[in-house]
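Structure, as structure tokens:
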Amino acid sequence: MTAPATYLIRLKSSPTGYALMESILGRLNWLYNQALERRKTAYQEREESLSLYDQYRWLTQLRAANEHGLGEIAVGASRGMLRRLDQAFQAFFRRVREGEAPGFPRFRSIRRCVTIDVAGPHNGMVRSQNGRYLIRVKGFPRLWAYSGRRLPLDAPLKALRLTKRGRQWEAALVYEVERAALPASVSAVGIDMGVRKRMTCSDGTRYARGRRNRRRQRKLQRALARCQQGSRNRGKRRAALARQARKEHVRERNACHRATTEIIRRHGLIAVEKLQIKNMTRSAKGTAAEPGSQVQAKAGLNREVLAQNWSLLFSQLRYKAGWAGRELVEVNPQYTSQQCSRCGSRNRPGKSETYRCRCCGLVADRDVNAALNILAAGVIAAGAQTWAVGPCVAPEPYAEAA
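Position 85 of the sequence shown, counting from 1, maps to 85 under my numbering, and the rest follow consecutively.
Here is the structure:
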């Protein structure tokens, strides 16, 4: 079975090379804005919608005349920029059809142009040389890559993306690699998403919540606010704030990868809640006519929910389960926190972290109890296969209430 695998690696170059990459970004940004202007003009004057291939033909003319230096760089980099514009228009048309806020594509400043997609990459662009990797694209400087993982250079290279992160550059390489399914497992687990703990499993495993350095963020934001608009110092403060956000993003992404990989390796059936995260994190401000209540508290809760990266966890579990041959089941989360996992009666645990059933006397951790309910619903939804559910081994074991 083949599946795409993405490798994120940092890039190094010479000072001249970094300056050349900035120049290439400027040329591609100019191409994006010119292509957008052509699309707008064609529709306003002739009511004609230009397609991606119409703009490919226009690009051929620009390259033949070496307009703005586009003939000096690889055609794949220019086509990748035109493809990004076409994707923006396709998303605009989709939102119009579905009655959403349209959000017409807008012109870009050079500050918003940080990504170079190389369309039609081939394996010759990435080579191994003296214990490191060399990325060679026509018109680009030599880009040296250092990766802790060995790149599968024999596998087909499907995508190549170069992104500027502050003062650093990184590459995303997508290879089509062979993936063998993991050994079969009859173990099943239910997962309860939370804020106090990022995830709690029905076997008692807990994953620590994601924490953001709010104090450091506020300090950097205040320093940025004190700077004069357009000053050199403001650019430095903005870059420092971006570096801090990037560090936290990478740390949290890696924590999610470690957690989901462990779950996929251990269990054959994974039951999760089908949560509407967008609705859960909606603002409580209301309108001027009908203002909401407890707006500040709801805003704090929304921040903590978003800090746990539930959407990223679901996405990783989904595609890793497909690669590994595992079964992922999404169940209705309704009443999973109130229902007793032993007798099925409903009790409100309130703010307590301990669940107590007034009918059968069960005393358990509230998140583990919810995870067991999710697991039971997932086993029913999975069908007739026999799954080894196993007992709960939570730090607070089940006990009869006195």
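Heads up, the beta-carbon is just placed ideally off N, CA and C, and yes, glycines get one too.
These figures come from a predicted structure and were not determined experimentally.
Start-to-end residues for the alpha helix (DSSP H) that takes in residue 39: For this step, residue 39 is matched to residue 39 along the sequence shown. Taken as a continuous stretch (DSSP letters only), the alpha helix (DSSP H) holding residue 39 covers 15-46.
Straight-line Cα distance separating residue 334 from residue 177: As a position in the sequence shown, residue 177 is number 177, starting the count at 1. As a position in the sequence shown, residue 334 is number 334, starting the count at 1. For residue 177 and residue 334, the distance between alpha carbons rounds to 40 Å.
Supposed contact pair residue 179 and residue 323 - C-beta distance, whole angstroms, cut 8 Å: Taking the first residue of the sequence shown as position 1, residue 323 is located at position 323. Taking the first residue of the sequence shown as position 1, residue 179 is located at position 179. 5 Å between Cβ atoms; contact.
Helix, strand or coil at residue 117 [DSSP, three-state]: Along the sequence shown, read from residue 1 onward, the residue named residue 117 stands at position 117. In this structure, residue 117 counts as strand in the three-state DSSP scheme.
Contact between the region 59-70 and the region 155-167 (3+ Cβ pairs under 8 Å): no
Reduced DSSP category for residue 222 - H, G, I as helix; E, B as strand; rest coil: Within the sequence shown, numbered from 1, the residue matching residue 222 stands at position 222. Helix.
At least three beta-carbon pairs within less than 8 Å, the region 164-171 to the region 28-38: no
Where the beta strand (DSSP E) through residue 327 begins and ends: Here residue 327 refers to the residue found at position 327 when the sequence shown is read from its first residue. Residues 327-331.
Segments of 3+ residues assigned as beta strand (DSSP E) that fall wholly inside the region 251-309: Counting only unbroken stretches of 3 or more residues, the beta strand (DSSP E) elements lying wholly within the region 251-309 are 269-273, in sequence order.
Candidates 20, 344, 267 and 332: closest to residue 444 by CA position: Outside the modelled stretch of the chain, which goes from 1 to 402, sits residue 444, for which no answer is possible.
Three CB pairs or more closer than 8 Å across the region 196-203 and the region 365-372: yes
Residue 53, DSSP secondary structure in three states: As a working note, residue 53 is residue 53 in the sequence shown. In the structure shown, residue 53 sits in a helix (DSSP, three-state: H, G or I).
C-alpha distance - residue 356 paired with residue 344, whole-angstrom precision: Position 356 of the sequence shown, counted from the first residue, corresponds to residue 356. Position 344 of the sequence shown, counted from the first residue, corresponds to residue 344. Distance between the alpha carbons of residue 356 and residue 344 is about 12 Å.
Span of the alpha helix (DSSP H) around residue 78: Residue mapping note: residue 78 aligns to position 78 of the sequence shown, counting from 1. Taken as a continuous stretch (DSSP letters only), the alpha helix (DSSP H) holding residue 78 covers 75-97.
Alpha-carbon to alpha-carbon, residue 290 and residue 144: Numbered from 1 along the sequence shown, position 144 holds the residue referred to as residue 144. Numbered from 1 along the sequence shown, position 290 holds the residue referred to as residue 290. Looking at the two C-alpha atoms, the distance is approximately 58 Å.
Boundaries of the alpha helix (DSSP H) in which residue 367 is found, first to last residue: On the sequence shown, position 367 is the one that residue 367 refers to. Start and end: 366-382.
With 16 other Cβ atoms within 10 Å as the buried cut-off, status of residue 228: Mapped onto the sequence shown, residue 228 falls at position 228. Exposed, because fewer than 16 other Cβ atoms sit within 10 Å of the Cβ of residue 228.
Among 328, 42, 10 and 117, the one whose alpha carbon lies nearest that of residue 315: Residue mapping note: residue 315 aligns to position 315 of the sequence shown, counting from 1. Nearest option by C-alpha distance: 328.
CB contact flag (residue 162, residue 81, <9 Å): Taking the sequence shown and counting its residues from 1, the one referred to as residue 162 is at position 162. Taking the sequence shown and counting its residues from 1, the one referred to as residue 81 is at position 81. Contact: no.
Which of helix, strand or coil DSSP assigns to residue 5: If you number the sequence shown from 1, residue 5 lands on position 5. It is a strand residue.
For residue 336, the three-state DSSP class (helix, strand or coil): Position 336 of the sequence shown, counted from the start, is the residue given in the question as residue 336. Looking at residue 336 - three-state DSSP - the assignment turns out to be coil, as it is neither helix nor strand.
Three-way DSSP call (helix, strand, coil) for residue 348 in this model: If you number the sequence shown from 1, residue 348 lands on position 348. In the structure shown, residue 348 falls within a coil segment according to DSSP collapsed to helix, strand and coil.
Beta-bridge partners of residue 174, as assigned by DSSP: Counting from one through the sequence shown, the residue named residue 174 turns up at place 174. For residue 174, which the question treats as bridged, DSSP gives the partners 6 and 159.
Own chain, CB closer than 8 Å to residue 246, minus 5 neighbours either side, in chain order: The residue labelled residue 246 in the question sits at position 246 within the sequence shown. Once the five neighbours on either side are set aside, the close Cβ partners of residue 246 are 165 and 166.
Residue burial classification, residue 360 (beta-carbon count within 10 angstroms, cutoff 16): The residue given as residue 360 occupies position 360 in the sequence shown. By the neighbour-count rule (16 or more Cβ atoms within 10 Å), residue 360 is not buried but exposed.
DSSP beta-bridge partners of residue 144: Your numbering for residue 144 matches position 144 in the sequence shown. Per DSSP, 12 and 134.
Classification of residue 131 by the beta-carbon crowding that lies within 10 angstroms, buried from 16 upward: The residue given as residue 131 occupies position 131 in the sequence shown. Residue 131 is exposed by the Cβ-count criterion.
8 Å contact criterion, which residue 378 and residue 271 should meet: CB distance rounded: Mapped onto the sequence shown, residue 378 falls at position 378. Mapped onto the sequence shown, residue 271 falls at position 271. About 2 Å; that satisfies the 8 Å criterion.
Nearest-angstrom beta carbon gap, residue 49 and residue 43 [assumed within contact, 8 Å]: Locating residue 43 in the sequence shown gives position 43, counting from the first residue. Locating residue 49 in the sequence shown gives position 49, counting from the first residue. Indeed, because the Cβ distance is near 6 Å, the residues count as touching under 8 Å.
Nonlocal neighbours in the same chain, by C-beta distance under 8 Å from residue 210, ignoring five residues either side: Translated into positions along the sequence shown, residue 210 becomes position 210. For residue 210, where only same-chain residues beyond five positions count, the Cβ hits under 8 Å are 198, 252, 255, 307, 308 and 309.
Own chain, CB closer than 6 Å to residue 12, minus 5 neighbours either side, in chain order: The residue labelled residue 12 in the question sits at position 12 within the sequence shown. Closer than 6 Å at Cβ, skipping near neighbours: 144.
Between the CA atoms of residue 217 and residue 278 - distance to the nearest angstrom: Along the sequence shown, read from residue 1 onward, the residue named residue 278 stands at position 278. Along the sequence shown, read from residue 1 onward, the residue named residue 217 stands at position 217. In a straight line, the C-alpha of residue 278 is about 24 Å away from that of residue 217.
For residue 146 and residue 10, believed in contact at Cβ under 8 Å, the rounded distance: Taking the first residue of the sequence shown as 1, we reach residue 10 at position 10. Taking the first residue of the sequence shown as 1, we reach residue 146 at position 146. Contact flag correct, Cβ pair sits at about 6 Å.
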